[in-house]
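Chemist: Mapping of the sequence shown onto full-length UniProt numbering: position 69 corresponds to residue 69, and the numbering continues sequentially without gaps.
Can you read through this structure? Questions will come right after.
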Amino acid sequence: MTCRELEATLSLRAVGALSPEEAAAVEAHLARCPGCRAEAEAATEVLQLARLPPASAAELGAVSSAGQTLGRAVRRARGRRRAGRWAAGIAVAASLAAATQLPRRGPAPVGGEPRAPWEPPSMEELWSASAVLELRDEEPVVEVDDVLAGIDPGLEEP
1 MTCRELEATL SLRAVGALSP EEAAAVEAHL ARCPGCRAEA EAATEVLQLA RLPPASAAEL
61 GAVSSAGQTL GRAVRRARGR RRAGRWAAGI AVAASLAAAT QLPRRGPAPV GGEPRAPWEP
121 PSMEELWSAS AVLELRDEEP VVEVDDVLAG IDPGLEEP
């Protein structure tokens, strides 16, 4: 193994990720090359500083109970969704029941004969009731000043 080939495997050696054959070849090279041995020691030291401390008992307990905690949360969420569906169904049923009890027409008359159902006025009735000016042969019968005088009785002609 050359120094250049060894350089790529020093980090893997420091974390123990080499196969037994690769580890034997690296150790043989380090035994005869002081420069690579110094690089290997430096890589090992840096990677040991970057290692996490061992997990505490609380962390191990949290990791082991995470599945149970997640399962409980999922069951609670399903229960809430199920309750929401029931509530929506009951609300729809109550709305339908109330709608069937509503009267189809107005309330019954208090006394006397029943009234005829209301019918909207025809267009002719609407026009005749709202006409301000009567038109004869496309000429206004009422002058504008007469209309304004009717609106404001204090208006006098100049």
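Just so it is clear, CB atoms sit at the ideal spot from N, CA and C, and this is done for glycine as well.
Values in this document were obtained by computation on a predicted structure and should not be read as measured data.
1) Under 7 Å between the Cβ atoms of R10 and L18?
2) Answer with buried or exposed for C36, where buried requires no fewer than 16 other C-beta atoms within 10 angstroms of its C-beta.
3) Mark A40 as exposed unless 16 or more other C-beta atoms lie within 10 angstroms of its C-beta, in which case mark it buried.
4) Are V15 and L47 close, meaning C-beta to C-beta below 7 Å?
5) If you run the structure through DSSP and keep just helix, strand and coil, what is M1?
6) When the Cα atoms are used, what is the spatial distance from I57 to S64?
Modeler: According to the structure data:
1) Note on residue identity: the sequence assigns Leu, not Arg, to residue 10. No, Cβ-Cβ distance for L10 and L18 is not below 7 Å.
2) buried
3) buried
4) yes
5) coil
6) In the sequence as displayed, the identity of residue 57 is Ala instead of Ile. Computed Cα separation, rounded: 10 Å.
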